[in-house]
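This report concerns only the one structure given below.
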Amino acid sequence: MAGSTSKDIIIVGGGIADCVLASRLHEKNPPSPSSSATNYGTWTRGNSADYDKWKKLVGNPQWSYKGFLPYFRKTETCHGEAGGVDGLNHGVNGPVHNSSVSTSCATRRYSLKEQLRAAWASVGAQQIGDGNAGSPLGIYLSLGLSELVENWHDGNKVVAGVELQDGTTIMATKEVIISARAYRTPQVQMLSVIVPEEELKKHAIPLVSNLPVGRNFHDHLAVCQWWKLRDPDAHPSVDNLKWQDPGMFVGLPCDWVATQQTDTEELRKALELDVGGESVDEQYLLSSAAAHTETLIVYAPAGAQIAGVDVPMDGIHIASAVLGMMPTSRGSITLADTDPTMPPVIDPNYYATEADKTMMREGLRSVMKVLLGTPKVRETVESELAPDGKKLTVDLTDEEIDERVSRVGNTFYHPAGSVSMGSVVDATLRVKGVEGLRVVDANVFPVTITAHYQCVVYALAEKAADLIAGD
Ligand SMILES: Cc1cc2nc3c(=O)[nH]c(=O)nc-3n(C[C@H](O)[C@H](O)[C@H](O)COP(=O)(O)OP(=O)(O)OC[C@H]3O[C@@H](n4cnc5c(N)ncnc54)[C@H](O)[C@@H]3O)c2cc1C
């Protein structure tokens, strides 16, 4: 029933960003469905150079890796190896606990770990002690291998309030914060008449502010492959009868995160086709600090269902996933109509640039070498269980890769960027030209980051709480 109440600050959403904000701003935060309740628990900060690109783009030193670091530390309680925790890089008192696979549980020992370590080394990977210290590639390397880390939980135009679906209005005496995530935040904003002009024309809504909401959408595309094990008794995967120890179920069944840089010359050729001319040299992707893909080999047939490929969870299949971490393709979120209960139109526009294709192809070629081209792993991995029976070989062509990407490529659930800092929100997360409205979620990332985004969203929300409390 319609009615009206009033609060100081209204937070729209119940996910990671909203809960951090609510607890830091001393509100109550009842649990509600969010991506953090369903996610895999991987905890990766990514590459410090990506954040520095963000800083450069918005011209504000606070949005650099150095600016984020206090908030990464504030968010976490890091459980380090026996040698302790590197206090300069990590926090020890935060609400989110994290540890590497080997420190998480004494009996959590996956039998393929050492073989995969050796296989990655044979294709040039160098092991890094701490992948969450801002350099997952290592120093001057093009392929870094670090142990997987996971988290577990403790758990002038003025915006005056929000109107709920049932017509109830809640007025905000101070401000409204939208943290409804990549798809719904731009929708809520567009329905609140902060829209690009062309959306107005389509849906006949009155203009309050003309901002490029819903543009610059980016996501990490994942391309999974599924593999049959030769000797599952010696090297079982999830659901094998040998997979009994509770320690094996503590987190994602995976040991390594391989972070890779694509060959610079190949990437240059691709960028010349995409952007052309002199600006190619200025492209961040060609910087020696940039990392481009990430590969996880998971001891379960992960991702098969969503890709529509029939791989049984029978203890004898594993999966590899190559993620495009630095896509230059940009998608969009637009309104389907003006009904807030309808989903918006999501066009991720994956794999649309030559650069994205070049990065993904090289990542896939590397994982093929690891799983099919290294003798030790060949003793363990029998063959690919390919969709539609079309198996790939180590000498796979660009065309074969592209066909596979279009068949199985999927989101890795890191949608972001469509309310970007610089173009829609300012460096204090306020929507430009609108009083009393902020956005606090992954939508504000103006650039792609080689991280899995929960860690960044936690730090962003901690920083937002400081910004709001300081006002
Ligand atoms: C299956 C899956 C696995 C993932 N695995 C990992 C991982 O292992 N590691 C990692 O780092 N990241 C992972 N992620 C990504 C990570 O969970 C997200 O980046 C993070 O949760 C984003 O936080 P958020 O606060 O922006 O959004 P969310 O946590 O999704 O919160 C958004 C909130 O807004 C609410 N909402 C939506 N629309 C409205 C509306 N109109 N009105 C009011 N409320 C609304 C939703 O109900 C939700 O509570 C995964 C995501 C998914 C989906």
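Going by the numbering used here, the first residue of the sequence shown is number 1, and it counts up by one from there.
Beta carbons: idealized from backbone N, C-alpha and C, even for Gly.
{"query": "Test: Gly-276 CB closer than 8 Å to a CB of chain C", "result": "The structure shown has no chain C; it contains just one protein chain."}
{"query": "Neighbourhood of Ala-302 by C-beta, 8 Å cutoff - its chain only, sequence neighbours within 5 removed", "result": "Cys-224, Ala-319, Ala-321"}
{"query": "Own chain residues within Cβ distance below 6 Å of Ile-177, not counting five before or after", "result": "Ile-11, Arg-438, Val-440"}
{"query": "Val-101 vs Glu-163 beta-carbon contact at 8 Å", "result": "no"}
{"query": "Pairwise C-alpha distance: Ser-192 and Val-558", "result": "As shown, the chain starts at 1 and ends at 471. That puts residue 558 outside it, with no answer to give."}
{"query": "Beta-carbon contacts of Gln-187 that lie in its chain and below 6 Å, excluding the five residues immediately before and after", "result": "Pro-344"}
{"query": "With 16 other Cβ atoms within 10 Å as the buried cut-off, status of Met-342", "result": "exposed"}
{"query": "The stretch 349-363 in contact with the stretch 374-385 per 3-pair CB rule at 8 Å", "result": "no"}
{"query": "Element boundaries [alpha helix (DSSP H), containing Cys-19]", "result": "16-24"}
{"query": "Where Ala-465 sits in the DSSP three-state scheme", "result": "helix"}
{"query": "Endpoints, the alpha helix (DSSP H) within which Met-171 is located", "result": "From DSSP, Met-171 is part of no alpha helix (DSSP H) but of the beta strand (DSSP E) over 169-178."}
{"query": "Sufficient close CB pairs (3 or more, under 8 Å) joining the stretch 233-242 to the stretch 389-401", "result": "no"}
{"query": "Span of the alpha helix (DSSP H) around Arg-365", "result": "354-372"}
{"query": "Buried versus exposed, by CB contacts within 10 Å (16 or more), Met-171", "result": "exposed"}
{"query": "Classification of Lys-53 by the beta-carbon crowding that lies within 10 angstroms, buried from 16 upward", "result": "buried"}
{"query": "At least 3 beta-carbon pairs within less than 8 Å: the stretch 214-224 vs the stretch 321-336", "result": "yes"}
{"query": "Selected residue, minimal CA-CA separation from Tyr-183, among Gly-331, Val-408, Gly-363", "result": "Gly-331"}
{"query": "Check whether Val-370 and Ala-119 have beta carbons under 8 Å apart", "result": "yes"}
{"query": "DSSP-derived helix/strand/coil call for Leu-437", "result": "strand"}
{"query": "Ala-442 beta carbon near ligand 1 (any heavy atom closer than 7 Å)", "result": "yes"}
{"query": "Exposure of Ser-32, with buried meaning 16 or more beta-carbon neighbours within 10 Å", "result": "Confidence in Ser-32 is poor, its pLDDT being 47 and thus under 50, which makes the residue's placement unreliable; the coordinate value appears in the next sentence. Per the 10 Å Cβ criterion, exposed."}
{"query": "Beta-carbon gap between Pro-472 and Thr-259 smaller than 8 Å", "result": "With the chain running from 1 to 471 in the structure shown, residue 472 is simply not present."}
{"query": "Continuous beta strand (DSSP E) stretch holding Ile-306: start and end", "result": "From DSSP, Ile-306 is part of no beta strand (DSSP E) but of the alpha helix (DSSP H) over 304-307."}
{"query": "Where Asp-263 falls, given that 16 or more other Cβ within 10 Å makes a residue buried", "result": "exposed"}
{"query": "Of the residues Gly-161, Lys-432, Asp-426, the one placed nearest Asp-8, counting alpha carbons only", "result": "Gly-161"}
{"query": "Cβ neighbours of Ser-362 in the same chain (closer than 6 Å, five flanking residues each side left out)", "result": "It is worth fixing the name first, because residue 362 is Glu in this sequence and not Ser. Once the five neighbours on either side are set aside, the close Cβ partners of Glu-362 are Thr-262."}
{"query": "Expected contact under 8 Å - CB spacing of Pro-196 and Val-213 to nearest Å", "result": "6 Å"}
{"query": "Gly-247 and Arg-108 closer than 8 Å at C-beta", "result": "yes"}
{"query": "Run of the beta strand (DSSP E) containing Ile-333, from where it starts to where it stops", "result": "332-334"}
{"query": "Unbroken beta strand (DSSP E) run spanning Gly-324, endpoints", "result": "317-324"}
{"query": "Contact test: His-452 Cβ vs ligand 1 heavy atom, cutoff 7 Å", "result": "yes"}
{"query": "Backbone secondary structure at Val-488 - three-state DSSP", "result": "The structure shown does not extend to residue 488, since the chain is modelled only from 1 through 471, so no value can be given for it."}
{"query": "Straight-line gap, Gly-155 to Leu-21 (C-alpha atoms, nearest Å)", "result": "Note on Gly-155: pLDDT 40, under 50, position unreliable in the model; the coordinate value appears next. Roughly 14 Å separates the two Cα atoms."}
{"query": "Ile-11 (DSSP reduced to helix, strand or coil)", "result": "strand"}
{"query": "Closest residue to Gly-134 among Pro-95, Thr-450, Gly-41 (Cα-Cα distance)", "result": "Thr-450"}
{"query": "Leu-273 classed as buried or exposed, judged by whether at least 16 other C-beta atoms fall within 10 angstroms", "result": "exposed"}
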